[in-house]
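Asker: Per full-length UniProt numbering, the sequence shown starts with residue 1, numbered consecutively.
We treat Cβ as the ideally placed atom computed from N, Cα and C, and that holds for glycine.
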Amino acid sequence: MIPDKVVADAASAVVDVRPGSTVAVGGFGLAGIPWFLIEALLEQGADDLTVVSNNCGVDGGGLGLLLEQRRISRVIASYVGENKEFARQYLAGEVTVELTPQGTLAERLRAGGAGIGAFFTPTGVGTVVAEGGLPWRYRPDGSVALASPAKEVRTIAGRPMVLEESIVADVALVRAAVADRAGNCRFHRSARNFNPAVATSGRLTIVEAERLVEVGDLDPDDVHLPGVFVQRVVPLAPDQASRKEIEKRTIRERRA
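#1: Identify which residue in Gly216, Asp59 and Val52 has its Cα closest to the Cα of Lys248.
#2: Locate the alpha helix (DSSP H) running through Ile38, then write down its first and last residues.
#3: Let me know the secondary structure DSSP gives Pro220 once reduced to three states.
#4: Check each candidate in Asp4, Ala145 and Val168 and name the one with the smallest Cα separation from Thr200.
#5: Enumerated in chain order, which unbroken segments of the alpha helix (DSSP H) with a length of 4 residues or greater are wholly contained in the stretch 84 to 161?
#6: What residue from Leu37, Ala114, Arg254 and His188 has the CA that sits closest to Glu165's CA?
#7: Give the secondary structure of Phe229 by DSSP, where H, G and I count as helix, E and B as strand, and everything else as coil.
#8: Compute the distance between the beta-carbons of Trp35 and Arg189, then report whether it is under 8 Å.
#9: Determine the extent of the beta strand (DSSP E) in which Asp180 is found, giving its start and end residues.
#10: Are there 16 or more other CB atoms within 10 angstroms of the CB of Val15, so buried, or fewer, so exposed?
#11: Considering only DSSP beta bridges, list what Cys185 is partnered with.
#12: Thinking just about the alpha-carbon of each residue, which of Met1, Asn195 and Gly29 is nearest to the one in Leu109?
#13: Is Arg181 near Asp4, with beta carbons less than 8 Å apart?
#14: Comparing C-alpha positions only, which one of Ala172, Phe120 and Cys185 sits nearest to Arg158?
#15: Where Val17 and Ala46 are concerned, what is the direct C-alpha to C-alpha distance, given to the nearest angstrom?
#16: Considering Thr22, what are the terminal residues of the beta strand (DSSP E) in which it resides?
#17: Would you call Gly26 buried or exposed, if buried means 16 or more other Cβ atoms sit within 10 Å of its Cβ?
#18: Which first and last residues belong to the beta strand (DSSP E) in which Ala77 is found?
#19: Which residues in the same chain as Pro101 place their Cβ atom closer than 7 Å to its Cβ, once the five residues preceding and following it in sequence are excluded?
#20: Pull up the distance between the alpha-carbon of Ile246 and that of Arg254, whole angstroms please.
#21: Since Phe194 sits in a beta bridge, which residues does DSSP pair it with?
#22: Which residue marks the beginning of the beta strand (DSSP E) containing Ala241, and which one marks its end?
#23: Considering Cα atoms alone, identify which of Val6, Ala24 and Pro19 is closest to Val198.
#24: With a Cβ-Cβ cutoff of 8 Å, do Gly133 and Ser148 count as a contact?
#25: Hey, residue 294 and Ile206: beta-carbon distance below 8 Å or not?
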């Protein structure tokens, strides 16, 4: 019998996320982020969270909402970027930030989902990524309170490579274009981004789906994320599914 993983709403899906959890979140900028699962987690109240995501949303949106409410104590990300409050908290020593090369972050998540404890990569060799000293947390006076440790470097096939540990999250939050009741998912173009790797890394993976279909409606070749990695599916209403905000909009006047 195929399990039905659909839950009533986002609030029901995140009700048991505990304070201190490690939460991996899909998306790149605002593309493909799980808007409603993030907002449900904000309402749920869990704090002291370690968040693993490419970036940390924007001011007033996405993971930026959790930052503004001081619900995040540690971030593992590749980009501070568009969020001024994120940058402020990092430089003021209010949040620990483990900056990680973007491809390495994706592979750490994928490896965690595949049961691989660590891997060697040439990315970061000869830099503070491998040699240590990257500021993870500042003091209010601007001095470094916590810096990254040095990592093992080994020569493999004639190339120096650095050892990176995989990431296994307590909870993974992702957004899919289509999901069936068994949790099989398809993503839409660039909105796929980090979502599959994030989903596989979670012990508990929750998907918000723009469209819910029955098992068998998705062609096997169209499945980007097998349902075996998913525990809960939240179907979105049409107005929710259409919510796709843009970080920056640049326009110009049309010439007559």
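Answerer: Inspection of the coordinates gives the following:
#1: Taking the first residue of the sequence shown as 1, we reach residue 248 at position 248. Ranked by Cα distance from Lys248, the options Gly216, Asp59 and Val52 are led by Asp59.
#2: The count along the sequence shown starts at 1 and reaches residue 38 at position 38. Taken as a continuous stretch (DSSP letters only), the alpha helix (DSSP H) holding Ile38 covers Trp35 to Gln44.
#3: As a first step, residue 220 is located in the sequence shown; it is residue number 220 there, counting from the start. Shown here, Pro220 sits in a helix according to DSSP, grouped into three states.
#4: As a working note, residue 200 is residue 200 in the sequence shown. The residue with the shortest Cα to Cα distance from Thr200 is Val168.
#5: 84 to 91, 102 to 114 and 128 to 131
#6: Along the sequence shown, one-based indexing puts residue 165 at 165. If we check each option's Cα against that of Glu165, Ala114 comes out closest.
#7: Within the sequence shown, the letter at position 229 stands for residue 229. DSSP places Phe229 in helix when its eight states are reduced to three.
#8: Locating residue 35 in the sequence shown gives position 35, counting from the first residue. Locating residue 189 in the sequence shown gives position 189, counting from the first residue. Their beta carbons are not under 8 Å apart, which means Trp35 does not touch Arg189 by this criterion.
#9: As a working note, residue 180 is residue 180 in the sequence shown. Run containing Asp180: Ala169 to Asp180, per the beta strand (DSSP E) assignment.
#10: Residue numbering aside, residue 15 sits at position 15 when the sequence shown is read from its first letter. It counts as exposed.
#11: Against the sequence shown, residue 185 aligns to sequence position 185. BP columns for Cys185 point to Ala179 and Leu225.
#12: Start at 1 with the first residue of the sequence shown, and residue 109 comes out as number 109. The option with the nearest alpha carbon to Leu109 is Asn195.
#13: Taking the first residue of the sequence shown as 1, we reach residue 181 at position 181. Taking the first residue of the sequence shown as 1, we reach residue 4 at position 4. It is a contact, given that the beta carbons lie within the stated cut-off.
#14: Translated into positions along the sequence shown, residue 158 becomes position 158. At residue 158 the sequence reads Gly, which differs from the Arg that was named. Nearest of Ala172, Phe120 and Cys185 to Gly158, Cα basis: Phe120.
#15: If you number the sequence shown from 1, residue 17 lands on position 17. If you number the sequence shown from 1, residue 46 lands on position 46. Ala46 has its alpha-carbon roughly 7 Å from the corresponding atom of Val17.
#16: As a position in the sequence shown, residue 22 is number 22, starting the count at 1. Here the beta strand (DSSP E) through Thr22 covers Thr22 to Val25.
#17: Here residue 26 refers to the residue found at position 26 when the sequence shown is read from its first residue. Around the C-beta of Gly26, 16 or more other C-beta atoms lie within 10 Å, and the residue is accordingly described as buried.
#18: Here residue 77 corresponds to residue number 77 of the sequence shown, with the count starting at 1. It spans Ile72 to Ala77 - the beta strand (DSSP E) in which Ala77 sits, taken as one unbroken run.
#19: As a working mapping, residue 101 is identified with position 101 in the sequence shown. If we look at Pro101 and ignore the five residues flanking it on each side, its Cβ neighbours are Ser78, Thr123, Gly124 and Val129.
#20: Counted from its first residue, the sequence shown places residue 246 at position 246. Counted from its first residue, the sequence shown places residue 254 at position 254. Going by the C-alpha atoms only, they are around 21 Å apart.
#21: Translated into positions along the sequence shown, residue 194 becomes position 194. Beta-bridge pairing links Phe194 to no other residue.
#22: Here the question's residue 241 lines up with position 241 in the sequence shown. That residue, Ala241, is in no beta strand (DSSP E); its alpha helix (DSSP H) goes Pro238 to Ala241.
#23: Counting from one through the sequence shown, the residue named residue 198 turns up at place 198. Taking only the C-alpha atoms, the option nearest Val198 is Ala24.
#24: Taking the sequence shown and counting its residues from 1, the one referred to as residue 133 is at position 133. Taking the sequence shown and counting its residues from 1, the one referred to as residue 148 is at position 148. Yes. Within cutoff.
#25: Here the chain comprises residues numbered 1 to 256, so residue 294 is not present and cannot be evaluated.
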